[in-house]
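Protein chains: 2
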Amino acid sequence: MAAPDSGLSRRRLLGGAGAGVAVGAAAGFGVGRWTDGGTASAAPTGGLDAVDLNSSTDFYTGAHQSGIDTPQQRYCVFMTFDLTASTAQELQVLLARWSAAIAQCMAGEPVGSVAPDRAGAVAVDTGEALDLGPASLTVTVGLGPGVFDERLGLASRKPKLLADLPALPSDQLRPELSGGDLSVQACADDPQVAYHAVRDLARMGRGVVNTRWVVLGFGRASAGPGQSTPRNLMGFKDGTRNIKESADLDEFVWVEDDVDWMNGGGTYQVARKIRMDIEIWDADDVADQQRIFARFKEDGAPLTGNHEFDTPDFSATDDTGQPVIDPTSHDAHAAHEHNNGIRIFRRGYNFTDGINEVGQLDAGLMFVAYMNDPDHFIQLQTRLGRSDALNEYIAHIGSGIFAVPPAPKKGSYLAQGLF
Amino acid sequence: MAAPDSGLSRRRLLGGAGAGVAVGAAAGFGVGRWTDGGTASAAPTGGLDAVDLNSSTDFYTGAHQSGIDTPQQRYCVFMTFDLTASTAQELQVLLARWSAAIAQCMAGEPVGSVAPDRAGAVAVDTGEALDLGPASLTVTVGLGPGVFDERLGLASRKPKLLADLPALPSDQLRPELSGGDLSVQACADDPQVAYHAVRDLARMGRGVVNTRWVVLGFGRASAGPGQSTPRNLMGFKDGTRNIKESADLDEFVWVEDDVDWMNGGGTYQVARKIRMDIEIWDADDVADQQRIFARFKEDGAPLTGNHEFDTPDFSATDDTGQPVIDPTSHDAHAAHEHNNGIRIFRRGYNFTDGINEVGQLDAGLMFVAYMNDPDHFIQLQTRLGRSDALNEYIAHIGSGIFAVPPAPKKGSYLAQGLF
Numbered sequence: 179m180a181a182p183d184s185g186l187s188r189r190r191l192l193g194g195a196g197a198g199v200a201v202g203a204a205a206g207f208g209v210g211r212w213t214d215g216g217t218a219s220a221a222p223t224g225g226l227d228a229v230d231l232n233s234s235t236d237f238y239t240g241a242h243q244s245g246i247d248t249p250q251q252r253y254c255v256f257m258t259f260d261l262t263a264s265t266a267q268e269l270q271v272l273l274a275r276w277s278a279a280i281a282q283c284m285a286g287e288p289v290g291s292v293a294p295d296r297a298g299a300v301a302v303d304t305g306e307a308l309d310l311g312p313a314s315l316t317v318t319v320g321l322g323p324g325v326f327d328e329r330l331g332l333a334s335r336k337p338k339l340l341a342d343l344p345a346l347p348s349d350q351l352r353p354e355l356s357g358g359d360l361s362v363q364a365c366a367d368d369p370q371v372a373y374h375a376v377r378d379l380a381r382m383g384r385g386v387v388n389t390r391w392v393v394l395g396f397g398r399a400s401a402g403p404g405q406s407t408p409r410n411l412m413g414f415k416d417g418t419r420n421i422k423e424s425a426d427l428d429e430f431v432w433v434e435d436d437v438d439w440m441n442g443g444g445t446y447q448v449a450r451k452i453r454m455d456i457e458i459w460d461a462d463d464v465a466d467q468q469r470i471f472a473r474f475k476e477d478g479a480p481l482t483g484n485h486e487f488d489t490p491d492f493s494a495t496d497d498t499g500q501p502v503i504d505p506t507s508h509d510a511h512a513a514h515e516h517n518n519g520i521r522i523f524r525r526g527y528n529f530t531d532g533i534n535e536v537g538q539l540d541a542g543l544m545f546v547a548y549m550n551d552p553d554h555f556i557q558l559q560t561r562l563g564r565s566d567a568l569n570e571y572i573a574h575i576g577s578g579i580f581a582v583p584p585a586p587k588k589g590s591y592l593a594q595g596l597f
Numbered sequence: 179m180a181a182p183d184s185g186l187s188r189r190r191l192l193g194g195a196g197a198g199v200a201v202g203a204a205a206g207f208g209v210g211r212w213t214d215g216g217t218a219s220a221a222p223t224g225g226l227d228a229v230d231l232n233s234s235t236d237f238y239t240g241a242h243q244s245g246i247d248t249p250q251q252r253y254c255v256f257m258t259f260d261l262t263a264s265t266a267q268e269l270q271v272l273l274a275r276w277s278a279a280i281a282q283c284m285a286g287e288p289v290g291s292v293a294p295d296r297a298g299a300v301a302v303d304t305g306e307a308l309d310l311g312p313a314s315l316t317v318t319v320g321l322g323p324g325v326f327d328e329r330l331g332l333a334s335r336k337p338k339l340l341a342d343l344p345a346l347p348s349d350q351l352r353p354e355l356s357g358g359d360l361s362v363q364a365c366a367d368d369p370q371v372a373y374h375a376v377r378d379l380a381r382m383g384r385g386v387v388n389t390r391w392v393v394l395g396f397g398r399a400s401a402g403p404g405q406s407t408p409r410n411l412m413g414f415k416d417g418t419r420n421i422k423e424s425a426d427l428d429e430f431v432w433v434e435d436d437v438d439w440m441n442g443g444g445t446y447q448v449a450r451k452i453r454m455d456i457e458i459w460d461a462d463d464v465a466d467q468q469r470i471f472a473r474f475k476e477d478g479a480p481l482t483g484n485h486e487f488d489t490p491d492f493s494a495t496d497d498t499g500q501p502v503i504d505p506t507s508h509d510a511h512a513a514h515e516h517n518n519g520i521r522i523f524r525r526g527y528n529f530t531d532g533i534n535e536v537g538q539l540d541a542g543l544m545f546v547a548y549m550n551d552p553d554h555f556i557q558l559q560t561r562l563g564r565s566d567a568l569n570e571y572i573a574h575i576g577s578g579i580f581a582v583p584p585a586p587k588k589g590s591y592l593a594q595g596l597f
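First to last, the protein sequences are chains A and B.
Once you know that position 272 of the first sequence is 450 in the working numbering, the rest is easy, because the numbers rise by one and skip nothing.
Once you know that position 415 of the second sequence is 593 in the working numbering, the rest is easy, because the numbers rise by one and skip nothing.
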């Protein structure tokens with residue numbers, strides 16, 4: 179009955195996904211213990227499809243802002259801003275100007291003249307995205323709790339569930355990487371197109387907002403509807419259990435009974451800059467890495483399954499009576515089965531900031547998630563922050579929360595109903 | 179005879195490229211002064227072609243290392259390393275291991291097992307590039323002057339022209355962004371593929387080298403043979419006059435009479451991390467920007483021409499007798515016509531480091547150039563550093579110089595002839 183002790187990455191629970199039949203005699207996470215009799219196949223699966231840089235999305239189409247359930251592009255520039263305005267009208271004008279500019283950028287057009295035809299004229303558009311095409315750009319704008327403090331007189335219009343996140347277990351937040359009154363998430367299949375959009379919006383915002391923090395993400399680290407699952411910089415597929423169905427988006431992402439200007443397609447955005455100690459991670463043995471994620475590294479299958487999308491069997495035990503999926507594993511803690519059915523929609527990107535102060539590679543995950551109740555994130559992260567086995571290798575160093583209004587109709591602008 | 183005072187970006191020298199016939203009555207750089215009767219066309223030209231992420235290059239093909247005259251990919255990770263080894267043999271073994279690993283990465287394969295089949299085994303490959311395809315990855319390795327100091331006993335094998343760059347006018351070099359005993363330039367059409375290569379080489383190098391500095395480049399800022407000219411983050415086409423012909427590569431890039439192990443395809447690599455004060459630049463008027471580059475912003479044509487690839491006419495004057503191309507302009511100073519015919523081959527990338535200490539966008543150009551005599555760069559930068567009008571907006575903050583050996587033959591490894 180016992181399988182030969184070989185094929186760590188491929189030996190699976192006999193009988194297939196979630197069968198719960200323990201086999202194998204090996205003890206400890208360091209050794210393979212499951213088998214499905216399959217053969218190993220470690221070769222890459224052949225590369226992603228070619229990227230079409232001429233695709234574009236219409237800013238004014240749809241109830242929700244694009245960049246949320248839009249198939250995830252390959253690059254992201256996520257920036258937050260502090261308001262310096264003293265009146266709601268200044269913010270209103272900025273959001274109107276931003277809306278028009280975003281629509282232009284998403285169509286692959288400059289936000290104004292690159293070379294204005296007057297002596298002494300400064301360019302309206304900074305020019306670096308000329309000729310680059312729309313590259314599937316989306317720009318998603320959020321409003322933070324600070325918009326509704328005493329400064330602008332908008333307190334009565336505050337989204338019902340918008341509040342600064344509480345201190346959460348394991349937080350190592352750095353003030354200079356946290357907060358912000360506005361957020362701009364620009365995603366595109368060309369990073370120069372995404373950067374151009376954020377740069378020109380920032381430029382347009384001078385005198386009304388100051389830049390606060392920014393993360394440049396690449397190689398998306400989660401998958402939208404219809405997309406294959408990418409890998410994070412720990413080498414694991416990330417986002418296998420992400421929300422994929424529009425019915426689930428309806429249930430968990432879009433608000434229904436919020437302030438008027440948020441209804442009809444609004445949502446909440448939680449952003450976390452998560453440092454990964456990848457050099458320390460790389461020194462950990464793969465069996466332990468797999469224990470921590472409760473997944474096989476190569477194909478992303480749960481430790482109780484054979485295929486990536488098999489449902490994890492959190493109750494399965496091995497022949498010594500130990501759970502196959504460590505209850506402290508990341509997947510066990512994050513599973514909706516263990517969180518009253520709660521799910522959040524993730525839209526993350528990998529990032530690197532080069533080399534850190536101790537000479538190690540400085541990298542991680544820019545985690546952006548959308549949900550119709552920020553308390554869902556708070557519940558999940560309270561649990562993860564307390565006892566996730568992954569905490570040995572990661573730290574949440576940046577954080578922000580924003581209300582994301584619906585998409586404007588043509589002729590209107592973002593959050594128009596707020597004013 | 180005078181043209182109407184309109185169409186700054188399109189009014190050109192009457193009669194076409196380099197004709198030298200001055201028209202128009204406007205004075206000063208702030209106003210358009212040339213016309214060709216053309217019509218304005220500020221629209222983007224329609225986007226780049228789709229990117230094929232399944233393309234690959236063979237590490238062992240060709241005399242020169244790939245990543246030099248290879249058509250420039252869209253992303254670059256440039257990292258330098260300090261040697262901690264005390265024997266030449268350690269370096270030799272590292273270069274042999276790197277060569278094998280580079281060949282694997284360039285073929286889209288992991289550098290070893292992602293999930294080794296032994297209890298307690300650490301992964302050989304970090305895994306994040308699994309499934310991503312080769313993405314046209316090239317990895318180019320260089321050896322800095324430090325390799326040939328007293329530490330390893332290799333002084334007698336030093337490339338003839340390899341020496342630390344002298345202090346140059348306008349240098350604002352930061353030690354933590356400069357130097358290095360080895361350089362690795364990984365370029366690919368997927369940044370995660372490039373990052374994976376550098377990360378796994380760095381990991382392989384532990385105990386022999388430490389990471390020193392790194393730049394992540396995107397949206398290539400110069401063009402190789404057959405490529406259209408991209409834009410830098412100042413919004414200008416960059417690299418219009420770059421070397422495009424193999425005869426010019428032969429004349430200016432590949433060494434001929436160097437130490438034995440460099441001959442047959444070696445070259446020198448100069449790397450400069452150049453900060454651009456893009457927010458200050460964005461506040462300058464376009465006419466002045468065009469004066470500084472001596473080019474029209476939208477289409478990249480020289481101020482004396484109608485089309486991007488028209489040869490600048492540095493002797494053309496306007497009707498007041500002033501030169502059309504400011505002799506302090508970047509193009510005038512960099513022109514081979516003004517530098518004894520010297521040309522270097524550029525392979526640059528844009529970069530951004532987020533927001534700087536005063537809240538401005540932190541961005542610039544990762545300038546990498548190849549040449550068969552580093553003195554060519556020294557001559558050019560001595561001139562540019564002294565009086566380039568662009569110096570008001572840029573600063574060289576990082577620097578390195580490296581000897582780049584030829585590509586190894588299959589069964590051999592990088593710089594094998596050195597040992």
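Virtual Cβ for every residue (Gly too), placed ideally from N, Cα, C.
query                                                                                                                                                                                 : result
Between the segment 508-536 of chain A and chain B, which residues of the former have CB atoms less than 9 Å from a CB of the latter, in chain order?                                 : ASN528, THR530, ASP531, GLY532 and ILE533
Closest by CA to A/ILE280, which one among A/SER314, A/ASP462 and A/SER264?                                                                                                           : A/SER314
Roughly how many angstroms lie between the CA atoms of B/ARG419 and A/ARG419, to the nearest whole one?                                                                               : 50 Å
B/LEU411: beta carbon under 7 Å from a heavy atom of the ligand NAP?                                                                                                                  : Among the components of this structure there are no ligands whatsoever, and the ligand NAP is therefore not found.
Are the CB atoms of B/VAL255 and B/ALA372 nearer to each other than 8 Å?                                                                                                              : yes
Can you tell me where the alpha helix (DSSP H) with A/GLY563 in it begins and where it stops?                                                                                         : 552-565
Could you name the residues of the segment 367-396 of chain A whose beta carbon sits closer than 8 Å to any beta carbon of chain B, in the order they occur along the chain?          : ASP368, PRO369, GLN370, TYR373, ARG377, ALA380, ARG381, ASN388, THR389, ARG390, TRP391, VAL392, VAL393, LEU394 and PHE396
Quick check: A/ARG450 and A/SER565, are their CB atoms within less than 8 Å of each other?                                                                                            : no
Taking its Cβ as the centre, do 16 or more other Cβ atoms sit within 10 Å of B/GLY311, making it buried, or is it exposed?                                                            : buried
Counting only Cβ pairs nearer than 9 Å, list the residues of chain A close to B/ARG409.                                                                                               : GLY305, GLU306, ALA307, LEU308, ASP309, LEU310 and GLN370
Measure the alpha-carbon distance for B/GLY324 versus B/CYS365 and round it to whole angstroms.                                                                                       : 24 Å
Which residues in the same chain have their Cβ closer than 7 Å to the Cβ of A/GLY413, if we skip the five residues on either side of it in sequence?                                  : LYS475
Here's a check: name, in chain order, each residue in its chain whose Cβ is nearer than 8 Å to the Cβ of B/ASP504, leaving out the five neighbours to either side.                    : PHE207, ARG469, ILE470, ALA472, ALA510 and ALA567
Answer with buried or exposed for A/GLU306, where buried requires no fewer than 16 other C-beta atoms within 10 angstroms of its C-beta.                                              : buried
Give the straight-line distance between the Cα atoms of B/GLY286 and B/HIS374, rounded to the nearest whole angstrom.                                                                 : 11 Å
On the DSSP bridge list, what partners appear for A/PRO480?                                                                                                                           : A/ARG473
Using a Cβ-Cβ cutoff of less than 7 Å, which residues in the same chain neighbour A/GLY224 once the five nearest sequence positions on both sides are dropped?                        : Confidence at A/GLY224 is low in this model, with a pLDDT of 34, below 50, so the placement of that residue should be treated as unreliable; the coordinate-derived value is given next. For A/GLY224, where only same-chain residues beyond five positions count, there are no Cβ hits under 7 Å.
Beta carbon of A/GLY442, beta carbon of A/ARG252: below 8 Å?                                                                                                                          : no
Along chain B, in chain order, which residues have C-beta atoms closer than 7 Å to that of A/LYS475?                                                                                  : VAL292, ALA293 and GLY305
The segment 247-265 of chain A: which residues have C-beta closer than 7 Å to a C-beta of chain B, in chain order?                                                                    : none
So what does DSSP say about B/PRO501, is it helix, strand or coil?                                                                                                                    : strand
Threshold first: 4 residues or longer. Then list the alpha helix (DSSP H) segments lying entirely within the segment 503-527 of chain B, N to C.                                      : 508-512
Please confirm whether B/GLY413 has its beta-carbon closer than 8 Å to some beta-carbon of chain A.                                                                                   : yes
Got a sec: is the Cβ-Cβ distance from B/GLY298 to anything in chain A below 8 Å?                                                                                                      : yes
State the DSSP-derived secondary structure class of A/LEU321, mapped to helix, strand or coil.                                                                                        : strand
Kindly list the residues whose CB is nearer than 8 Å to the CB of B/PRO501, restricted to its own chain and excluding five residues on each side of it in sequence; keep chain order. : PHE492, SER493, ALA494 and THR495
If you run the structure through DSSP and keep just helix, strand and coil, what is A/GLY271?                                                                                         : The residue asked about is misnamed: residue 271 of chain A is Val in this sequence, not Gly. Here A/VAL271 sits in helix by DSSP.
Roughly how many angstroms separate the alpha carbons of B/ASP466 and B/ALA513, rounded to a whole number?                                                                            : 19 Å
May I have the straight-line CA-CA distance separating B/ILE456 from A/ASP462, to the nearest angstrom?                                                                               : 42 Å
Can you name the start and end residues of the alpha helix (DSSP H) that B/MET257 belongs to?                                                                                         : No alpha helix (DSSP H) holds B/MET257; the beta strand (DSSP E) holding it covers 253-261.
Residues of chain B with CB under 7 Å from A/ALA461, in chain order?                                                                                                                  : VAL300
Compare the C-beta of A/ALA465 with all C-beta atoms of chain B and state if any pair is closer than 8 Å.                                                                             : yes
Out of curiosity, what's the CA-to-CA distance linking B/PRO337 and B/ALA581?                                                                                                         : 7 Å
Alpha carbon to alpha carbon, how far is A/THR482 from A/ARG190? Give it in angstroms, no decimals.                                                                                   : In this prediction, A/ARG190 has a pLDDT of 43, which is less than 50 and means its spatial position is unreliable; what the coordinates show is noted afterwards. Answer to the nearest angstrom: the Cα atoms are 7 Å apart.
Would you say A/LEU539 reaches chain B, if we count a Cβ-Cβ gap shorter than 8 Å as a contact?                                                                                        : yes
Can you grab the Cα-Cα spacing for the pair B/THR248 / B/LEU592, in whole Å?                                                                                                          : 18 Å
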